[in-house]
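In our numbering, the protein residues as written are 144 to 398. Glycine residues also receive a C-beta, built at the ideal position from the N, C-alpha and C atoms. Comments concern the structure below.
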């Protein structure tokens, strides 16, 4: 399957900055011959503007989270129909920072996954262990719990509509450390084995598993060399167009 390569801007970029980035990225992609699906996830304030700039192009635009309800008294939240109204086609769910700072749980991620699918949004489910869980040797069990819960109730024939991003907590952010590609490959294989147990071997082959965590142009090719890695979810290394394009080029050359 063609790889997925994308970035979330987190709490960065004004509307004007977001529009300029998107136009520059589209020009860069037009100059490249790749079958990779490229996606960008801006903050809510810039979501509609970025969707307008990217309309009718090869660029997929997503949102950073959402509520599971269609509407209601949930101050500060965004619903699936609101995301569709903006033009979003993808939604990031369960990011490590959301779990750590905003009380996201495996159960709420599952509710959001089901709501996203019901509204024609592609869920990008983020999973990953903490540094302590890695050091205790429980990472595989943590990933199994997160994946099993997130996909509960999802029909096997719809697993191909999901993306799973493996982002270990110790590898993300400004203080993150590089993960060994062999370790990443083993964790991706674990994720697929869990999907196979819950939804069957065909579903496990169809699910796209991305890696995110201190990804940059220097190490992208190493991850591309693993058949278990179906793409990259890039952080700060993709917040400037030139460096994001460098990651895309390195991954596509190394795959």
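{"Item": "Inter-residue spacing [alpha-carbon to alpha-carbon] between residue 233 and residue 197", "Value": "13 Å"}
{"Item": "Rounded C-alpha distance that separates residue 301 from residue 385", "Value": "35 Å"}
{"Item": "Where residue 218 falls, given that 16 or more other Cβ within 10 Å makes a residue buried", "Value": "exposed"}
{"Item": "Pair within 8 Å by beta-carbon distance, residue 358 and residue 335", "Value": "no"}
{"Item": "Buried or exposed (CB count within 10 angstroms, at least 16 for buried), residue 261", "Value": "exposed"}
{"Item": "For residue 201, three-class secondary structure by DSSP", "Value": "coil"}
{"Item": "N-terminal and C-terminal residue of the alpha helix (DSSP H) that residue 386 is part of", "Value": "384-397"}
{"Item": "Strand pairing of residue 265, partner residues [DSSP]", "Value": "233"}
{"Item": "Where residue 342 falls, given that 16 or more other Cβ within 10 Å makes a residue buried", "Value": "buried"}
{"Item": "Through-space distance from residue 276 to residue 144, alpha-carbon basis", "Value": "31 Å"}
{"Item": "Beta-ladder partner(s) of residue 217, from DSSP", "Value": "DSSP output for residue 217 lists no bridge partner at all."}
{"Item": "Sub-8 Å separation of residue 225 and residue 186 beta-carbons", "Value": "no"}
{"Item": "Range covered by the beta strand (DSSP E) that runs through residue 334", "Value": "Counting along the chain, residue 334 falls outside any beta strand (DSSP E), though it belongs to the alpha helix (DSSP H) covering 324-342."}
{"Item": "Straight-line Cα distance separating residue 192 from residue 161", "Value": "8 Å"}
{"Item": "Residue nearest to residue 286 in terms of C-alpha spacing, selected from 170, 338, 380, 222", "Value": "338"}
{"Item": "Residues of its chain near residue 304, where Cβ-Cβ distance is below 8 Å and the 5 sequence neighbours each way are ignored", "Value": "260, 265, 266"}
{"Item": "Residue of 319, 350, 284, 274 minimising C-alpha distance to residue 298", "Value": "350"}
{"Item": "Segment contact, 8 Å Cβ cut-off, at least three pairs: the segment 203-222 with the segment 170-178", "Value": "no"}
{"Item": "Candidates 181, 313, 323, of which the one nearest residue 366 by Cα", "Value": "323"}
{"Item": "Residue span of the beta strand (DSSP E) that contains residue 150, given as start and end", "Value": "147-151"}
{"Item": "Residues sharing a beta bridge with residue 374, DSSP", "Value": "147"}
{"Item": "Through-space distance from residue 327 to residue 394, alpha-carbon basis", "Value": "15 Å"}
{"Item": "Opening and closing residue of the alpha helix (DSSP H) in which residue 182 lies", "Value": "No alpha helix (DSSP H) contains residue 182, which is instead part of the beta strand (DSSP E) from 180-184."}
{"Item": "Cβ-based neighbour list, residue 291, same chain, cut-off 7 Å, excluding 5 preceding and 5 following", "Value": "337, 341"}
{"Item": "Presumed contact (8 Å Cβ cut-off) between residue 389 and residue 356, rounded CB distance", "Value": "Not quite, the Cβ-Cβ distance comes to about 18 Å (not below 8 Å), so this is no contact."}
{"Item": "Whole-angstrom C-beta distance between residue 311 and residue 258, which should lie under 8 Å", "Value": "Not a contact, Cβ separation roughly 26 Å."}
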